[in-house]
Amino acid sequence: MDMTPALLLLLTLGFCCPGISAQSPEIKVTSPKDITQLRVGQKLELQCHVDRSIGAFWIHQDKSGTLHFIVYISSTSRVTFEGNQKTSTRFEAWGQDTFYHLVVKSFAPQHEGKYFCVVTFSQKMYFSPGQHAFLPATTTVVAPTTCGSTPKSGTTEDLSLQTPDPEKRIQEDLDFFCHIFIWVPLAGACLLLFIALVITIALCQKTRRRRCRCKRPANEKPPIKPRTPRTPN
């Protein structure tokens with residue numbers, strides 16, 4: 001079974017109907033190394049600590065706001081990557097007690113974004129705060145013009161600031177799925193009621209026709225018309 005559709009369903013239900021519980025699990029995502037100055041090809045190591053052994057999902061939200069399922073680690077440390085695979089060429093993952101580890105083998109621009117640790121408990125979903133992972137901002141230097149003007153200093157551009165609000169986009173996408181989960185069952189129920197009404201009307205009409213075509217008993221004699229006596233001439 002592919003884990004991606006199932007994960008999408010769980011995420012949708014989690015955002016549509018978030019639960020509040022006094023005994024909600026505590027989730028904390030950290031990195032054993034400094035990831036503020038990531039480089040292309042470097043390993044990105046993350047670990048998720050949960051206060052109970054219940055398994056965890058690792059989710060990646062890219063710079064455009066799209067969610068990507070990475071891996072599910074069960075409470076017994078069983079690892080399942082996308083496509084129900086046991087291994088991945090891009091990631092490593094394992095579980096140890098209540099720690100769930102994720103490693104990006106070779107960090108690349110497509111791996112930039114936020115990383116979430118997600119757990120399910122008592123039919124509710126709980127998300128960790130997003131762990132940011134970005135490459136250093138690019139710096140461009142403008143060369144001086146031939147007019148002898150003073151060269152401009154380097155400008156720093158944060159690519160993450162130019163992207164649309166990812167959380168808003170996620171909420172809009174999940175609201176759309178929420179509407180589907182609400183209206184599709186209602187439409188199906190209305191269709192079933194309409195079919196039942198049509199069948200009921202058809203049966204009533206058929207019963208009425210049978211009553212109108214009732215035959216006389218076989219031993220019943222037809223009525224005899226009285227004869228009028230003839231008067232003599």
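Straight run, no breaks: the sequence shown in full-length UniProt numbering ends on number 233. We put the CB at the ideal spot given by N, CA and C, even for glycine. Everything numeric in this text was worked out from a predicted model, so none of it was measured.
Asked: Where does the unbroken beta strand (DSSP E) through residue 69 begin, and where does it stop?; Found: 67 to 73
Asked: DSSP three-state call for residue 83: helix, strand or coil?; Found: coil
Asked: Leaving out the 5 sequence neighbours to the left and right, which residues in its chain are closer than 7 angstroms to residue 30 when beta-carbon positions are compared?; Found: 47
Asked: DSSP three-state label for residue 126, please.; Found: strand
Asked: Might you give, ordered along the chain, the residues of its own chain that have their beta carbon closer than 8 angstroms to the beta carbon of residue 135, omitting 5 neighbours on each side?; Found: 38, 39, 40, 107, 109, 112
Asked: In whole angstroms, what separates the C-alpha of residue 81 from that of residue 75?; Found: 15 angstroms
Asked: How many Å lie between residue 77 and residue 100 at the Cα?; Found: 8 angstroms
Asked: Below 8 angstroms, how does it come out for the stretch 116 to 125 and the stretch 47 to 60: are there three or more Cβ pairs, yes or no?; Found: yes
Asked: Can you tell me which of the three DSSP states residue 202 falls into?; Found: helix
Asked: Given a cut-off of 8 angstroms, decide if residue 103 and residue 44 are closer than it, judged by their beta-carbon atoms.; Found: yes
Asked: Alpha carbon to alpha carbon, what distance is there between residue 53 and residue 86?; Found: 20 angstroms
Asked: Counting only the same chain and skipping the five closest in sequence on each side, list residues whose C-beta sits under 7 angstroms from that of residue 238.; Found: The chain is shown from 1 up to 233; residue 238 falls before or after that span and cannot be answered.
Asked: Residue 41 by DSSP, collapsed to three states: which one?; Found: coil
Asked: Please state the DSSP three-state secondary structure of residue 195.; Found: helix
Asked: Helix, strand or coil: which one does DSSP assign to residue 207?; Found: helix
Asked: Please list, in chain order, all residues of the same chain as residue 105 whose beta carbon is under 7 angstroms from its beta carbon, the five residues on each side excluded.; Found: 43, 90, 91, 92
Asked: Under 8 angstroms, do residue 122 and residue 28 count as touching if we go by C-beta distance?; Found: no
Asked: According to DSSP, is residue 188 part of a helix, a strand, or is it coil?; Found: helix
Asked: So residue 135 is in the beta strand (DSSP E); what residue range does that whole segment cover?; Found: Where residue 135 is concerned, there is no enclosing beta strand (DSSP E), given that its DSSP letter is neither H nor E.
Asked: Rounded to whole angstroms, how far is the Cβ of residue 133 from the Cβ of residue 70, which I believe are closer than 8 angstroms?; Found: Not really, about 12 angstroms apart at Cβ, beyond 8 angstroms.
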